[in-house]
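Residue 225 in the working numbering sits at position 225 of the sequence shown, and the numbers go up by one each step.
For every residue, glycine included, the Cβ atom is placed at its ideal position computed from N, Cα and C.
Down below is the structure, laid out as structure tokens.
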Amino acid sequence: MNLWRMNIKTASKKGIDSFMFCLERGILGFGWPLKDVNGKKIKDIEEYEKLGKIQYKSKGLSTAINAFKKIEIDDLVWTRHQGIYYLCRVEGKWRYESDNANYDADVVNVIPVKFIKVGTVENVPGKVVNAFRARSTIQKIHGYKKNNTYVNPALILSMKIYNEKSKTEYYEVPELDKNDILESLLPEDVEEIVSLYLQYEKNYLLYSSSNKIDTQKYEFVMVSRDGTHLAYAQVKTGNVLLDGREFEHLLEGDNKIYLFTSSENYKNINNDNIKIISKNDLINFLYNNLKIMPNRIRMWL
């Protein structure tokens, strides 16, 4: 099975909320309605695709259609409305709805789903939240290969959330390897873990105002307890490379740089004052110190 995220933002008529239209009918969908079909029933998605591409020269339409072709029953789809996230279980295949109400809501390409209300962003896996940054109507939320096995932590957590919120055991949820947990957290949560790690394990104090400064080179600034030097931390999630040369200008006096990327991809670490936080050390710290972690982190463990 697969995991998806979908934006319900259609060109509906004034006064019609396309999300509420979908919620009330138990569907997810998008627009690009066909013109002048004279009441003809569209037999399958391939026929719609052929006719739709004649009327619309839109990459967005092609992307949405390709996704709806691949979606299977029991796949999970995240969507959101006014800051509230919903998790939908797919209950059927694509169909074309040509009723006036569907045209007015601009929701004609639909799949039947069961909606589950999840809540605000802190209740949602980080990778899912990040997926909504893209503007496309729908996209797959991918996992990755690990030791020749495909793993998708966001899917595992979504299955768990669906079972908990629906009060069922609909999905048989595999165990989430603790080494994959960082891929499921919000970037801000990983920054929080790094901050606690440096305070607890390396004996630094955090300048709380520094994490509000908008800079691409570090997330926050800390000071040694004896006041002899500062420490700058850069934290990245996903498949990001960190280059030590980009931080050397911060190394005045005995200042330190602490780098962490969940990809474990670093280069040009040629200065003793540029320190790498190992992924294994950070994960062990997380699991060994759950009591001091914020609830939004502990809830996934």
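- Can you check DSSP and say which residues form a bridge with I138? M6
- Item | N109 (DSSP reduced to helix, strand or coil) | strand
- Distance between beta carbons of D104 and S12, contact taken as under 8 angstroms: 7 angstroms
- Task: Please work out which residues of its chain come closer than 8 angstroms, Cβ to Cβ, to S18, disregarding the five sequence neighbours upstream and downstream, and give them in chain order.
- Result: I8, K9, T10, S12, A105, D106 and V107
- Message: Short of 8 angstroms in beta carbon distance, which residues of its chain neighbour T237, apart from the five on each side in sequence? Order them along the chain.
- Response: G126, L182, E183, L185, P187, V190, T261 and S262
- Item | Best match in H142, K291 and I297 for proximity to A154 [C-alpha to C-alpha] | H142
- Query: From L198, K202, S209 and V110, pick the residue whose C-alpha is nearest to that of F21; which is it?
  - Reply: V110
- Message: With the cut-off set at 8 angstroms, would you say V223 and Y232 are in Cβ contact?
- Response: no
- Task: Tell me whether L186 sits in a helix, a strand or coil according to DSSP, three-state version.
- Result: coil
- Query: Is the stretch 199 to 208 close to the stretch 129 to 146, with three or more CB pairs under 8 angstroms?
  - Reply: no
- Message: Quick check on DSSP: helix, strand or coil for R296?
- Response: helix
- With C-beta atoms as the reference, is L51 less than 8 angstroms away from S158? no
- Task: Measure how close the beta-carbons of I116 and Y162 come, nearest whole angstrom, since I'm counting them as under 8 angstroms.
- Result: 6 angstroms
- Item | Same chain, Cβ closer than 7 angstroms to V118, five either side skipped, listed in chain order | Y85, Y86, L87, V124, I161 and K165
- Message: Can you tell me whether K114 is helix, strand or coil according to DSSP?
- Response: strand
- According to DSSP, is F247 helix, strand or coil? helix
- Between which two residues does the alpha helix (DSSP H) carrying M159 extend? P153 to S166
- Message: So the candidates are D36, R89, I257 and N239; which of them puts its Cα closest to the Cα of E219?
- Response: I257
- Query: Is it the case that the CB of E169 approaches a heavy atom of the ligand NAD more closely than 7 angstroms?
  - Reply: As presented, the structure is devoid of all ligands, the ligand NAD included, so that no description of it is given.
- Of the listed residues F132, D180 and G29, nearest to N147 (C-alpha basis): D180
- Item | Nearest residue (CA-CA) to Y96, options K114, G29 and T168 | G29
- Task: Leaving aside the five residues before and after N270 along the sequence, list all residues of the same chain whose C-beta is less than 7 angstroms from its C-beta, in chain order.
- Result: G244
- Item | Burial state of V128 (16 or more Cβ within 10 Å) | buried
- Query: Counting along the chain, where does the beta strand (DSSP E) carrying M222 start and finish?
  - Reply: F220 to S224
- Task: Count the other C-beta atoms from every protein chain shown that fall within 10 angstroms of the C-beta of I292, then say buried if there are 16 or more, exposed otherwise.
- Result: exposed
- L242 beta carbon less than 8 angstroms from that of Y266: yes
- Task: Starting from the Cα of K57, find the closest Cα among V77, L34, T79 and M6 and give me that residue.
- Result: L34
- Query: Would Y144 be called buried (16 or more neighbouring beta carbons within 10 Å of its own) or exposed?
  - Reply: exposed
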